[in-house]
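Below is one structure, written out as structure tokens; comments come after it.
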Amino acid sequence: MKKRVFSGARPTGRQHIGNYLGAIQNYVSLQAEYECVYCIVDIHALTTLQGIEGVQGLQQNVQEMILDWLAAGLDPQKSILFVQSEVPEVTELHTLLSMSTPLGWLMRVPTFKEKVKMQPDNVNYGLLGYPVLMTSDIVLYKAEVVPVGEDQLPHLELAREIVRRFNSLYGDTFPEPQPKLTQAPMIVGLDGTQKMSKQLNNHIELAATAEETAQRIMTAYTDPARKRKSDPGHPETCNIFHLHEAFEPVKAKGIPAECRSAKIGCVECKRLLAQEINAALAPLRERRSELAGKPEYVNEVLSDGARRAQAIARKTIREVKERMNLVRKGT
Ligand code: TRP
Numbered sequence: 400m401k402k403r404v405f406s407g408a409r410p411t412g413r414q415h416i417g418n419y420l421g422a423i424q425n426y427v428s429l430q431a432e433y434e435c436v437y438c439i440v441d442i443h444a445l446t447t448l449q450g451i452e453g454v455q456g457l458q459q460n461v462q463e464m465i466l467d468w469l470a471a472g473l474d475p476q477k478s479i480l481f482v483q484s485e486v487p488e489v490t491e492l493h494t495l496l497s498m499s500t501p502l503g504w505l506m507r508v509p510t511f512k513e514k515v516k517m518q519p520d521n522v523n524y525g526l527l528g529y530p531v532l533m534t535s536d537i538v539l540y541k542a543e544v545v546p547v548g549e550d551q552l553p554h555l556e557l558a559r560e561i562v563r564r565f566n567s568l569y570g571d572t573f574p575e576p577q578p579k580l581t582q583a584p585m586i587v588g589l590d591g592t593q594k595m596s597k598q599l600n601n602h603i604e605l606a607a608t609a610e611e612t613a614q615r616i617m618t619a620y621t622d623p624a625r626k627r628k629s630d631p632g633h634p635e636t637c638n639i640f641h642l643h644e645a646f647e648p649v650k651a652k653g654i655p656a657e658c659r660s661a662k663i664g665c666v667e668c669k670r671l672l673a674q675e676i677n678a679a680l681a682p683l684r685e686r687r688s689e690l691a692g693k694p695e696y697v698n699e700v701l702s703d704g705a706r707r708a709q710a711i712a713r714k715t716i717r718e719v720k721e722r723m724n725l726v727r728k729g730t
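Position 33 (the sequence shown) corresponds to 432 in our numbering; numbering is contiguous.
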């Protein structure tokens with residue numbers, strides 16, 4: 400039997416090429432080998448959003464994200480694609496697992512400490528329980544493999560500890576989930592220094608038009624040591640070169656020599672990159688706009704995904720409740 404993969408992503412709206420190269424492409428290729436469950440974790444998003452204004456963009460973000468996922472090749476025939484809050488069993492499991500999760504483990508999580516610093520006025524209980532909810536996501540489906548970025552490794556380590564503790568207290572119930580790190584290197588944003596992110600506005604959206612893509616690339620930072628075209632460049636530290644490598648690895652091999660010897664200028668190099676990205680994304684963008692015109696279909700994908708996920712979730716919950724002696728005799 401195929402092993403099961405689970406991964407979750409917060410609904411951040413339109414995805415950018417960093418998300419695509421770092422996560423989505425990996426999700427797509429795992430579909431060939433595993434039984435995949437991919438979840439848009441809207442409840443997790445609520446740990447950092449608050450109030451009417453905070454949540455007002457949630458539905459739109461879920462829509463944009465599922466459009467990007469489907470356009471990129473996540474296939475509802477092969478994978479279960481769903482929204483976290485539509486399978487509420489996860490919150491039940493979260494509560495049950497919280498009973499055997501020591502507070503000390505949660506307080507030591509690096510992302511919790513960061514969030515406390517970032518939002519000192521909103522240090523909510525959900526923030527502390529974030530890794531327990533994430534563990535619940537994974538083990539509700541008894542997933543064994545979890546594709547994640549490096550930043551999620553502490554969460555996954557904790558998930559395994561939570562699982563080990565539960566299994567030792569109540570008997571073997573859940574497999575210990577293993578992280579599967581994405582091969583793709585971190586994609587640096589158009590500012591040339593930080594990871595590509597929507598928040599930093601240094602990104603290129605998957606759904607951007609060809610013109611927008613070219614325009615954003617033209618304004619990107621390149622090698623700061625290269626002020627004139629005649630200055631030799633340093634491709635190894637240039638974000639534009641790294642994007643060439645990510646999109647056209649074969650063609651990119653010729654660039655370093657031309658850049659170091661100043662044969663190619665940054666403007667030309669960027670123009671080429673824009674062409675490459677636009678060519679690579681054209682089919683995805685076409686599928687995306689088709690899907691955007693079929694909202695009933697997209698809704699049905701998510702409703703069907705939730706139904707299939709829930710069928711698995713119910714079985715797990717029943718088993719957990721039996722082990723915790725929460726099932727009344729004869730029911
Ligand atoms: N914490 C993950 C992130 O911020 C999102 C997430 C929630 C997740 N549940 C998950 C990832 C389960 C993998 C598996 O990116």
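Built from N, CA and C at the ideal position, the CB exists for glycine as well.
Quick one: does the C-beta of L532 sit closer than 8 Å to a heavy atom of the ligand TRP?
yes
With a 10 Å radius around its C-beta and 16 neighbouring C-beta atoms as the bar for buried, classify A681 as buried or exposed.
exposed
Let's see if you can read the secondary structure: which residues bound the beta strand (DSSP E) around I603?
Looking at the DSSP string, I603 is not in any beta strand (DSSP E), and its letter there is neither H nor E.
Where R413 falls, given that 16 or more other Cβ within 10 Å makes a residue buried:
R413 should be labelled buried.
Going by beta-carbon coordinates alone, are K669 and I586 separated by less than 9 Å?
Their beta carbons are not under 9 Å apart, which means K669 does not touch I586 by this criterion.
Do R687 and L469 have their beta-carbon atoms positioned less than 9 Å apart in this structure?
yes
With hydrogens ignored, establish whether the beta-carbon of V719 is closer than 8 Å to any heavy atom of the ligand TRP.
no
Could you tell me whether the segment 592 to 607 touches the segment 621 to 632, using the rule of 3 or more Cβ pairs below 8 Å?
no
Three or more C-beta pairs closer than 8 Å, one from the segment 543 to 558 and one from the segment 599 to 612: is that the case here?
no
Is any heavy atom of the ligand TRP found at a distance shorter than 8 Å from the C-beta of A705?
no
Tell me whether E434 sits in a helix, a strand or coil according to DSSP, three-state version.
strand
Pairing CB atoms from the segment 562 to 578 with CB atoms from the segment 409 to 425, are three or more of them under 8 Å?
no
Is it the case that the segment 502 to 517 contacts the segment 525 to 534, given that we only count it when at least three CB pairs across the two stretches are under 8 Å?
At 8 Å Cβ cutoff, the stretches touch.
Contact defined as beta carbons within less than 8 Å: I believe N677 pairs with A609. What is the distance between those atoms, to the nearest angstrom?
4 Å
Near L690, which residues of its chain fall below 8 Å by C-beta distance, leaving aside the five closest residues on each side in sequence?
L466, L469, A470, Y696, V697
Please confirm if the segment 632 to 648 is in contact with the segment 438 to 455, defined as three or more CB-CB distances below 8 Å between the two stretches.
no
Please classify T446: is it buried, with 16 or more other beta-carbons within 10 angstroms of its beta-carbon, or exposed?
buried
What is the DSSP secondary structure of Q459, counted as helix, strand or coil?
helix
What does DSSP give as the partner residues of H415 in its beta bridges?
E604
Mind checking whether V666 and M533 have CB atoms under 9 Å apart?
no
For the alpha helix (DSSP H) that contains Q424, what are its first and last residues?
From DSSP, the alpha helix (DSSP H) with Q424 extends over 424 to 429.
Which residues DSSP lists as bridging P578, in chain order
For P578, which the question treats as bridged, DSSP gives the partners V545.
For G419, which residues of its own chain have a beta-carbon under 7 Å away from its beta-carbon, when the five flanking residues on both sides are left out?
For the record, residue 419 in the displayed sequence is Tyr; it is not Gly. A471, L605.
Can you give the beta carbon distance from V461 to V482, rounded, assuming they're within the 8 Å contact cut?
Indeed they touch by this definition, with Cβ atoms about 6 Å apart.
Considering only their Cβ atoms, is the gap separating Y569 from V436 smaller than 9 Å?
no
Does L671 come out as helix, strand or coil in the three-state DSSP assignment?
helix
Considering only C-alpha positions, which residue in the set G417, R507, Q598 is nearest to Q582?
Measuring from the Cα of Q582, the nearest candidate turns out to be G417.
Per DSSP, the bridge partner or partners of Q479:
Looking at the sequence provided, one finds Ile at residue 479 rather than Gln. Partner(s): V436.
Beta-bridge pairing of K594 - partner residues as DSSP gives them:
V587
Please identify the residue among E647, R706, P631, G407 whose C-alpha is closest to the C-alpha of M464.
Answer by Cα proximity: G407.
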